[in-house]
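Read in numbering that gives the first Met the number 0, the sequence shown has 5 at position 6, and its numbers run on one by one without any break.
Beta carbons: idealized from backbone N, C-alpha and C, even for Gly.
Right, one structure below, let's go through it.
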Amino acid sequence: MYNAKAYSVAGATSPFSPTGIPRRDTTEHDVRIDILFCGICHSDLHTVRNEWSSVMPTVYPCVPGHEIVGRVAQVGSAVTKFQPGDLAGVGCLVDSDHTCPSCRADLEQFCRNATFTYNSQDKHLGGVTYGGYSDSIVVDERFVLRVPSNLDLAGVAPLHCAGITTYSPMRRWGVTKGRKVGVVGLGGLGHMGVKFARAFGAHVVVFTISPGKKEDALRLGADEVVISRNANEMKKHAGSFDFILDAVSADHDINAYINLLGRDGNLTLVGAPSRPLPVSAFGLLFGRRSLSGSLIGGIAETQEMLDFCGVHNITSDVEVIPIQKVNEAYERLLKSDVKYRFAIDMASLKSE
Ligand code: NAP
Ligand code: ZN
């Protein structure tokens, strides 16, 4: 065991402060990664503030962070995929049981024994896992991703959650050329959804409550932008969408979007507001529409997404911050005041 530098919170209303955390020594299948950048996902904020207490209560102290990119510092004797010096990424998963039907289907995110990168039971050290707001992490090589060498690393970090979470449902629901696709909420997830839908050739419509994001939405690849609080603008699109991805972090009316779907259209929720969202049965009955959820993606698909990003030159639009600014960044994230993902430059942790 060794001591890693990290930033943690002590409780739901506490600010982040510097701390030391235990990391395991590299076992034969492990890769130790020196973290270069870690994205700030809204799930980090939900967890830190215990907003998901009814489903996944937070254990404190909590070190979040599941959008990790770095360089391999050390590998175990049985590791075959990585060598010291290689670029490497880690997303929301660090282990699973490898034997259940979900694992065998390359859908480790649904394994009932999955270990998430933070706030999950740590099988090696006991206690809970600690995430990427840290200078290093030790992960089984089966959960370490290969990072394309041609991309900006700060912009690559968010692909490990925001990227795969939007890529996976679009692949599953057949987002391709000729499809009309909506993306609700232009945040960290939403802006990646726009980039992927565009890259897959769809006609992309962004729904936003922030009129100031209109120009950006078009620049990021949207064909049209709808200010969702304008009922007339919404009405124009009634019954016309094949697929809508809802990436909103807070309470909102999903019925308004279900009504924009055409026959057999699907709305997939990836946003995870803490309170239940009411659904009108009629919106689903008429048009045989469906409502689904989606959770990140399996490791194989995450690798496929990273490789796709390498080929198509896709990264997240990031604002790079030193870790000392993380408390301020959380307040700004709540106000949607980030274009469109914070990435922590972990070099800033060295001075702590
Ligand atoms: P984010 O960067 O904060 O983006 C959320 C966006 O939602 C905002 O930019 C805003 O977009 C919109 N929004 C915020 N408050 C709203 C309100 N009151 N009404 C309507 N729209 C509002 O968050 P994120 O990191 O993209 O995460 C989004 C959600 O996905 C979070 O709940 C997160 O926990 C969840 N998530 C799920 C998965 C998964 O696997 N399913 C993975 C990662 C994250 P506009 O200003 O454009 O309206
Ligand atoms: Zn996330």
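heavy atom of ligand 1 below 7 Å from residue i C-beta
i	result
Asn-52	Here residue 52 is Ser; the residue named in the question, Asn, does not match the sequence. Ser-52 Cβ: outside cutoff for every heavy atom of ligand 1.
Gly-88	no
Cys-61	no
Gly-181	no
Val-269	yes
Leu-294	yes
Ile-320	no
Gly-184	yes
Ser-95	no
His-159	no
Val-247	yes
Ile-226	no
Ile-243	no
Gly-187	yes
Pro-272	yes
Asp-250	yes
Length of the line joining the Cα atoms of residue i and residue j
i	j	result
Ile-39	Glu-66	7 Å
Pro-147	Asp-336	29 Å
Asp-94	Asn-231	48 Å
Asn-312	Glu-223	23 Å
Arg-141	His-251	38 Å
Glu-214	Ile-34	33 Å
Glu-318	Pro-168	26 Å
Thr-301	Pro-63	20 Å
Thr-267	His-236	18 Å
Ile-253	Leu-276	7 Å
Ser-119	Phe-15	19 Å
Ile-208	Glu-50	22 Å
Glu-303	Asp-105	12 Å
Asn-112	Ser-101	10 Å
Ser-13	Lys-176	47 Å
Arg-306	Val-8	Looking at the sequence provided, one finds Asp at residue 306 rather than Arg. Roughly 34 Å between the two C-alpha positions.
Arg-22	Ala-3	6 Å
Thr-46	His-97	26 Å
Residue i: CB within 7 Å of a non-hydrogen atom of ligand 2
i	result
Ser-42	yes
Cys-37	no
His-190	no
Cys-308	no
Cys-102	no
His-45	no
His-65	yes
Cys-91	yes
Where the beta strand (DSSP E) containing residue i begins and where it ends
i	result
Glu-318	317-321
Leu-268	260-268
Cys-91	Here Cys-91 belongs to no beta strand (DSSP E), and DSSP marks it neither H nor E.
Lys-179	179-183
His-159	Here His-159 belongs to no beta strand (DSSP E), and DSSP marks it neither H nor E.
Phe-242	240-245
Gln-73	67-74
Test: residue i CB closer than 8 Å to a CB of chain B
i	result
Gly-220	Going by chain labels, chain B is absent from the structure shown, which holds only one protein chain.
Whole-number beta carbon distance between residue j and residue i, since they are thought to touch under 8 Å
i	j	result
Glu-107	Ile-298	6 Å
Val-30	Gly-88	In fact, because the Cβ distance is near 11 Å, the residues do not count as touching under 8 Å.
His-202	Lys-234	About 18 Å; that fails the 8 Å criterion.
Leu-284	Leu-290	Contact flag wrong, Cβ pair sits at about 12 Å.
Val-71	Pro-83	5 Å
His-41	Leu-332	6 Å
Leu-185	Ala-161	Not really, about 12 Å apart at Cβ, beyond 8 Å.
Leu-352	Phe-240	No statement about residue 352 is possible, as the shown extent of the chain runs from 0 to 351 and does not include it.
Tyr-360	Tyr-132	Nothing about residue 360 can be read from this structure; the chain reaches only from 0 to 351.
Gly-286	Ile-243	About 13 Å; that fails the 8 Å criterion.
Extent of the continuous alpha helix (DSSP H) run through residue i
i	result
Thr-18	Segment 16-22 is the beta strand (DSSP E) holding Thr-18; no alpha helix (DSSP H) there.
Asp-43	41-47
Gln-120	Element bounds for Gln-120: n/a, residue is neither H nor E.
Val-54	Val-54 -> no alpha helix (DSSP H), and no H or E assigned at all.
Leu-217	213-219
Val-127	Where Val-127 is concerned, there is no enclosing alpha helix (DSSP H), given that its DSSP letter is neither H nor E.
Ile-257	254-257
Arg-274	Run containing Arg-274: none; DSSP gives neither H nor E here.
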